[in-house]
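Colleague: Numbering (our numbering), first residue to last: 60 to 271. Glycine is no exception: its CB is placed at the ideal position from the N, C-alpha and C atoms. For clarity, every value in this text was computed on a predicted model and none was experimentally measured.
#1: If you drop the 5 nearest sequence neighbours on each side, which residues of the same chain put their C-beta closer than 8 Å to that of residue 190?
#2: What do you reckon, are the CB atoms on residue 194 and residue 231 nearer than 7 Å?
#3: So residue 99 is in the alpha helix (DSSP H); what residue range does that whole segment cover?
#4: How would you label residue 206, buried or exposed, when you count the other beta carbons within 10 angstroms and need 16 or more for buried?
#5: Measuring CA to CA, which of 140, 117, 90 is closest to residue 187?
#6: Can you check which of these residues, 64, 101, 225, is closest to residue 158 by C-alpha distance?
#7: Can you tell me where the beta strand (DSSP E) holding residue 217 begins and where it ends?
#8: Taking the continuous alpha helix (DSSP H) assigned at residue 201, which residues delimit it?
#9: Just confirm the distance between the C-beta atoms of residue 128 and residue 218, as a whole number of angstroms; I'd bet it's less than 8 Å.
#10: Quick check on the DSSP output: the beta strand (DSSP E) that includes residue 165 runs from which residue to which?
#11: What residue range is occupied by the uninterrupted alpha helix (DSSP H) comprising residue 146?
#12: Within a Cβ cutoff of 7 Å, which residues of the same chain sit near residue 114, ignoring the five residues on either side of it in sequence?
#13: Return the CA-CA distance between residue 132 and residue 110, expressed in angstroms with no decimal places.
#14: Closest by CA to residue 80, which one among 107, 123, 239, 229?
#15: Less than 7 Å separating the beta-carbons of residue 216 and residue 180?
#16: CB residue 85 to CB residue 96, shorter than 7 Å?
#17: Tell me the residue span of the beta strand (DSSP E) that contains residue 87.
#18: Taking its Cβ as the centre, do 16 or more other Cβ atoms sit within 10 Å of residue 135, making it buried, or is it exposed?
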């Protein structure tokens, strides 16, 4: 069982990954995508959300858990093919990627061709429904437009992060990103970093399915 603060850990260019899941804490969220792993609570919650939406087949996973070595490969490959400026916009520095926690997933519309770095995840239809319902299952859109100065990451409509409930609801209702929420003051982003087990005194609870 992961500590409550595991689900709220802040990961960004200034805050490297504090905790990584062990192998027995990872699982595939759907048998159709055995290669896409998530932390077990996050996996169950995502599966429940997609099942309620009947969205399997329309929404597909692009990337879930990544060990640091894989993140390094993606970074190096993107720098080589797209350049350093592009990589800094859309690829997290190895050791500072939420994918290394098993709590983040990139999703896409099911298309014949899907961009691994910037997959298409529209705002309307089933994709809009997913965004609206995600907080009820503990998920947030991690990098919304307009918050780039705080997150230090370009807007990524496809990247979702599991934080559990009730935090996802609060973040969504108040229009906050995780940096603001953990700072305790919505106007002041947190750049000094949380201490393990002492994240603004906040507790989290896993959301295996929709919470009342």
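Modeller: Well, looking at it:
#1: For this step, residue 190 is matched to residue 131 along the chain shown. Excluding sequence neighbours, residue 190 sits near 182, 200.
#2: As a working note, residue 194 is residue 135 in the chain shown. As a working note, residue 231 is residue 172 in the chain shown. Against a cut-off of 7 Å, the Cβ pair of residue 231 and residue 194 comes out as a contact.
#3: One-based indexing of the chain shown puts residue 99 at position 40. Run containing residue 99: 99–112, per the alpha helix (DSSP H) assignment.
#4: Working through the chain shown from its first residue, we reach residue 206 at position 147. Residue 206 should be labelled buried.
#5: Here residue 187 refers to the residue found at position 128 when the chain shown is read from its first residue. Of the listed residues, the one whose Cα sits closest to residue 187 is 117.
#6: Within the chain shown, numbered from 1, the residue matching residue 158 stands at position 99. The shortest C-alpha separation from residue 158 is found at 101.
#7: Position 158 of the chain shown, counted from the start, is the residue given in the question as residue 217. Element bounds for residue 217: 215–221.
#8: As a first step, residue 201 must be located in the chain shown, where it is residue number 142. Segment 198–202 is the beta strand (DSSP E) holding residue 201; no alpha helix (DSSP H) there.
#9: If you number the chain shown from 1, residue 128 lands on position 69. If you number the chain shown from 1, residue 218 lands on position 159. Contact flag wrong, Cβ pair sits at about 21 Å.
#10: Position 106 of the chain shown, counted from the start, is the residue given in the question as residue 165. Where residue 165 is concerned, the enclosing beta strand (DSSP E) stretches over 163–168.
#11: For the purposes of this step, residue 146 is identified with residue 87 of the chain shown, where counting begins at 1. Looking at the DSSP string, the run of the alpha helix (DSSP H) that includes residue 146 is 143–149.
#12: Here residue 114 refers to the residue found at position 55 when the chain shown is read from its first residue. 185, 189.
#13: Position 73 of the chain shown, counted from the first residue, corresponds to residue 132. Position 51 of the chain shown, counted from the first residue, corresponds to residue 110. Approximately 33 Å, taken between the alpha carbons.
#14: As a first step, residue 80 is located in the chain shown; it is residue number 21 there, counting from the start. Selected option, being the one with the closest Cα: 123.
#15: For the purposes of this step, residue 216 is taken as the residue at position 157 of the chain shown. For the purposes of this step, residue 180 is taken as the residue at position 121 of the chain shown. Yes, these two residues count as a Cβ contact at 7 Å.
#16: For the purposes of this step, residue 85 is identified with residue 26 of the chain shown, where counting begins at 1. For the purposes of this step, residue 96 is identified with residue 37 of the chain shown, where counting begins at 1. In this structure, residue 96 lies closer than 7 Å to residue 85 by Cβ.
#17: Position 28 of the chain shown, counted from the first residue, corresponds to residue 87. It spans 85–87 - the beta strand (DSSP E) in which residue 87 sits, taken as one unbroken run.
#18: Here residue 135 is taken as the residue at index 76 of the chain shown, counted from 1. By the 10 Å Cβ count, residue 135 comes out exposed.
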